[in-house]
Structure formats: structure tokens, C-alpha cells
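2 protein chains.
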Amino acid sequence: MDITSDTHSQHISQQYNQDLETIKTQLMAMGGLVEKQLQEALDALLDGDSQLAIRVRDNDTSVNDMQLKIDEECVRILARRQPAASDLRLVIAVIRATNDLERMGDEANKIARNAIDLIESGRIPQGSVEIRHISEHVRSMLRDSLTAFARFDTELALKVVQEDASVDSEYTTAMRSLATFMMEDPRSIGGVLSVMTVLRALERIGDHADNLAEHVIYLVKGRDIRHTSVDELDREALGRSDKR
Amino acid sequence: MDITSDTHSQHISQQYNQDLETIKTQLMAMGGLVEKQLQEALDALLDGDSQLAIRVRDNDTSVNDMQLKIDEECVRILARRQPAASDLRLVIAVIRATNDLERMGDEANKIARNAIDLIESGRIPQGSVEIRHISEHVRSMLRDSLTAFARFDTELALKVVQEDASVDSEYTTAMRSLATFMMEDPRSIGGVLSVMTVLRALERIGDHADNLAEHVIYLVKGRDIRHTSVDELDREALGRSDKR
Numbered sequence: 001m002d003i004t005s006d007t008h009s010q011h012i013s014q015q016y017n018q019d020l021e022t023i024k025t026q027l028m029a030m031g032g033l034v035e036k037q038l039q040e041a042l043d044a045l046l047d048g049d050s051q052l053a054i055r056v057r058d059n060d061t062s063v064n065d066m067q068l069k070i071d072e073e074c075v076r077i078l079a080r081r082q083p084a085a086s087d088l089r090l091v092i093a094v095i096r097a098t099n100d101l102e103r104m105g106d107e108a109n110k111i112a113r114n115a116i117d118l119i120e121s122g123r124i125p126q127g128s129v130e131i132r133h134i135s136e137h138v139r140s141m142l143r144d145s146l147t148a149f150a151r152f153d154t155e156l157a158l159k160v161v162q163e164d165a166s167v168d169s170e171y172t173t174a175m176r177s178l179a180t181f182m183m184e185d186p187r188s189i190g191g192v193l194s195v196m197t198v199l200r201a202l203e204r205i206g207d208h209a210d211n212l213a214e215h216v217i218y219l220v221k222g223r224d225i226r227h228t229s230v231d232e233l234d235r236e237a238l239g240r241s242d243k244r
Numbered sequence: 245m246d247i248t249s250d251t252h253s254q255h256i257s258q259q260y261n262q263d264l265e266t267i268k269t270q271l272m273a274m275g276g277l278v279e280k281q282l283q284e285a286l287d288a289l290l291d292g293d294s295q296l297a298i299r300v301r302d303n304d305t306s307v308n309d310m311q312l313k314i315d316e317e318c319v320r321i322l323a324r325r326q327p328a329a330s331d332l333r334l335v336i337a338v339i340r341a342t343n344d345l346e347r348m349g350d351e352a353n354k355i356a357r358n359a360i361d362l363i364e365s366g367r368i369p370q371g372s373v374e375i376r377h378i379s380e381h382v383r384s385m386l387r388d389s390l391t392a393f394a395r396f397d398t399e400l401a402l403k404v405v406q407e408d409a410s411v412d413s414e415y416t417t418a419m420r421s422l423a424t425f426m427m428e429d430p431r432s433i434g435g436v437l438s439v440m441t442v443l444r445a446l447e448r449i450g451d452h453a454d455n456l457a458e459h460v461i462y463l464v465k466g467r468d469i470r471h472t473s474v475d476e477l478d479r480e481a482l483g484r485s486d487k488r
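Chains as they are written, first to last, in the working numbering: chain S, 1 to 244; chain G, 245 to 488.
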């Protein structure tokens, strides 16, 4: 009887670990899809490929469906496995992360919709250099935040948090220069407003990558740093065990 | 012994109910604070009261602190009480709701910051009628979504979900007319961009009120309607037990 019971509880525990592994894998798949949507929306915009832009615009539901599916699985684990400590934090972090990824998907969709308008009306009047520059930065933040999640790597997560500030400042500078351009050439206003919308979407994707990184730190360290400044984090040298 | 044990488990169960009541009460308090921040940011903007705008801008941390506190309490309940069924859904809904309220607080803060710029530069160049109109609408959505949460009222929640579409269309119309105004009077560009930012913040607050309402439906009905269209919901006549 004891052996049977042991085998049984071992079986449950294996199944439990597998459940946790599954939501993590699914989250990575969702992240990969968002990365692809973002990449293609930007390619469509910068190459003037309206067919691709339309495809990205219409592909939004897959990301949404993944969020519902993963969240449902997380709630099922909470109800049936009653996870504690770091397992519980993993489930909470995944629920928070699907929310951020879903919003990034929305922003990629917004970029695709503005790409369609811009391509139809001729060309990007101004700002393609800024879009290229900021989008490189934001895409690397997204990639790093997903890698940090996959590897539970708080050092990498902290790097993402720190980078968000420089994206914000690049964004502010770009918006100012676009406003000046509008004043000099009022005929460009319609197009420049679309470009501004694209830049804003990129800036928000950066914010959500920052959030993802914060969820990683929460899940590994058990500490919620969502409203802690980068300066404070630096002072504490979070992510390092030695005090320097 | 039986009596003692009964008293003990009754005590635990009372404490548990009290814990659930507490997170709900705290969420309502957080919602009340966000409503106040939004109201004051709009008053500051429309009355040209820069002192008030500065106060709202600097008050953002209270909302953030409430989010951290409530979320921590939710995770504690998940770990210690292992809630199931509707109790579990309440905790999940509260975690999702604090996220939406926190973002609304950020948007109210953004309105306050733009109010400061607009007041300093003279006056609102255009769009105060639109701000007034859309803000009335959004404030009533926020109020209703909080009431729906407090009363577990899915009918009211569904009304909020349906209203979001009309806010979106008012927003689109207002943005178009502001773009036209800019083209006619390029000197107004700086100010109009700030007004656009305010309108966008209001539109996003409407989106988050819509999310809050969706969390209410999830918590009462156990169904996640985050990516279901209003038309589909209408067809299903969700929130009614009789089929009409």
C-alpha cells in the first residue's frame, strides 16, 4: 500500500511540475508570437509593404486567444494544486506577464494599422530614422525580458529595467523634433500624427518589456519592484549576492 | 474537543471571509482615490488651476502604494487560504483590477502634467468642449464599473462594456477635428498636441473601466469575456437568467 501511495504522490508531483513547465512554455510561445507581430509590423511600415501590414493587423486574435488559454491554465493550477512560495509566484508572474504581452500585441497591431494609412497616403513624411532607432532598442528589450523570464535571470531583467529610461528619453526627443517639423510644414500634419502614434506604440512596448522584467525579479526574489526607481535598485545592487 | 475544534474552524472561516472582504474594501478605496485624482486633474485643466494640477501630479505614489499593498494581501490569501471557485476568482479579479486602477492613476497623472503645460502657455487652444464631454462619459464609466464590482452587478458591468465603444467613437471624432484645426492654425500645434494627449488619456481610462467591468463578469459568472465582442455578448444576453 505504501508503495502504491508513494507512486501515486510521485505521479501527482510530476504532473504538477509539468503543469508549471507548460504555462512557462506557453508564455514563451506567446512572447515569440508578439515578437514576430512587432517585427512584421515594423518591416511592413519601413518597407512600405501593405499586404504584410494587413496580415499583421488581422492576426491579433491569436495573441488574445493565447492569453485566455494561459490564464485559464494558471487559474486551474491555483485551484487544483494550491501552489506555495516560488511556485505561487511563478503562476502570479505568468498571469501578469500575459497581460503585458497582450497589450504589446495591441500596440504592434496599432503600428500595422498606421503603416497601412501611411503606405496608402504615399510615404513616411519624417521620423523613419527615429522609428528604426527606437524600434531596435525596444525589440532588444523585449527579447531580453523574455530570455530573463525563461532563465529566471534577474541580472538581465535589471538591465531591461534600466534601459527603459533611455528609450523614454529617445522618445521624448523624437516627439519634439516631429512637432517642430509639423510647424514648419503643416501639410505633413496628417502623416506626422501617424508617425507619432507609431513612436508612442513603441515607447509603450518598451514599458511593457520593463514590466515583464519586473515580474521576473518578483518571481525569483519574491520582491515587488513595480514602483521602485532605478536609482533605488542601483543603490541596493539588486540581483547581486555580494555587497560592493 | 469537538466544540473547541468547531469554534476553531469557525474562527478560521470568519477570518478568511474577513480577509476577502478586506481586499474588496481596499480595492474600493483605491478606486475612490483614482476617481478623485481624475476629477481633480480635470478640474485643474478646465479651471486653469495650476496649484491643483501640481498637487495631483505629485500624489501618484499613493495609488501605486495601494496597488502593492492589495496585491501583497491577495498573494498572502492565495498562499494561506488556498481559495477555490468564486473566492479564487475574486482574488484573481482584484489582482487584475489593481493593475487597471494603477494605470488609470498614471493617466490622471498625465492629464495633470499636460494641464500644467497648457496653463503655463496660456490657455487650451481648442478641444475643451470635447474634453468636458468625453470626461463626463469616462467618469461615469469608472463610477459604474466600481459600483458593479462592489455589488457584483453584471448588468451594470455589461452596460460599461457597451459604453466603451461610444467613447472610442467620440474620441476618434475629436482627434480628427483637432488635426484639422492644427492644419488651419499651425501656431496652435504645441497646445493642440497637449490636448490630444489629454483626450488619449481619457480614452484609455475608458478602456480600463471596460476592463474592470470585464473582471466583474469574470468573477460573478466565471467566464473570461476579455476578448469577446459586444455584439456576441448582446446575442448571448449575458447577465440575464431568462432567455428572451
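Beta carbons: idealized from backbone N, C-alpha and C, even for Gly.
| Query | Result |
| --- | --- |
| Closer than 9 Å to chain G by CB, Gln67/S | yes |
| Residues of its chain near Ala356/G, where Cβ-Cβ distance is below 7 Å and the 5 sequence neighbours each way are ignored | Ala285, Ala288, Ala297, Val300 and Arg301 |
| Exposure label - Asn455/G; buried when at least 16 CB within 10 Å | buried |
| Contact list for Ile336/G against chain S, beta-carbon separation under 9 Å | Asp71, Cys74, Val75, Leu78 and Ile95 |
| 8 Å Cβ cut-off: residues of chain G touching His227/S | Thr305, Asn308, Asp309, Gln311 and Leu312 |
| Cβ-heavy atom distance, Leu290/G to the ligand ATP, below 8 Å | By its list of ligands, the structure shown contains no ligand whatsoever, and the ligand ATP lies outside what it can speak to. |
| Minimum C-alpha distance to Gln270/G - residue among Ile314/G, Gln295/G and Glu380/G | Ile314/G |
| Local Cβ density within 10 Å of Ser140/S, reported as buried at 16 or more and exposed below that | exposed |
| Per-residue contacts from Met426/G into chain S (C-beta, under 8 Å) | Met182, Pro186 and Ile189 |
| 4-residue-minimum alpha helix (DSSP H) runs that sit fully inside the segment 302–363 of chain G, ordered along the chain | 304–325 |
| Any C-beta of chain G under 9 Å from that of Asp49/S | no |
| 9 Å Cβ cutoff met for Val195/S and Ile119/S | no |
| Residues of its chain near Ala418/G, where Cβ-Cβ distance is below 6 Å and the 5 sequence neighbours each way are ignored | Glu374 and Leu443 |
| Asp478/G versus Ala97/S - alpha carbon distance | 30 Å |
| Alpha carbon of Met28/S to alpha carbon of Gly48/S, nearest angstrom | 30 Å |
| At least 3 beta-carbon pairs within less than 8 Å: the segment 304–324 of chain G vs the segment 84–91 of chain S | yes |
| Beta carbon proximity, Arg89/S to chain G, threshold 9 Å | yes |
| Spatial distance of Tyr415/G from Glu107/S (CA atoms) | 18 Å |
| Alpha-carbon to alpha-carbon, Leu38/S and Asn109/S | 8 Å |
| Within-9 Å CB hit, Asn358/G to chain S | no |
| Simplified DSSP assignment, three categories, for Phe396/G | coil |
| Sequence-distant residues of the same chain with beta carbon closer than 7 Å to Val278/G, five excluded per side | Val307, Leu345, Met348, Gly349 and Ala352 |
| Selected residue, minimal CA-CA separation from Asp19/S, among Glu72/S, Thr147/S, Asp6/S and Thr7/S | Glu72/S |
| Local conformation of Asp388/G per DSSP, three classes | helix |
| Within-9 Å CB hit, Asp302/G to chain S | no |
| Reduced DSSP category for Arg467/G - H, G, I as helix; E, B as strand; rest coil | coil |
| Neighbourhood of Glu203/S by C-beta distance below 6 Å, restricted to the same chain and skipping five residues each side | Tyr171 |
| Beta-carbon proximity check, Phe181/S vs Val167/S, cutoff 9 Å | no |
| Beta carbon of Gly450/G nearer than 9 Å to that of Arg333/G | no |
| Backbone secondary structure at Gly190/S - three-state DSSP | helix |
| is_contact[Gln370/G, chain S] using C-beta, thresh 9 Å | no |
| Beta-carbon spacing of Ala201/S, Ala148/S below 9 Å | no |
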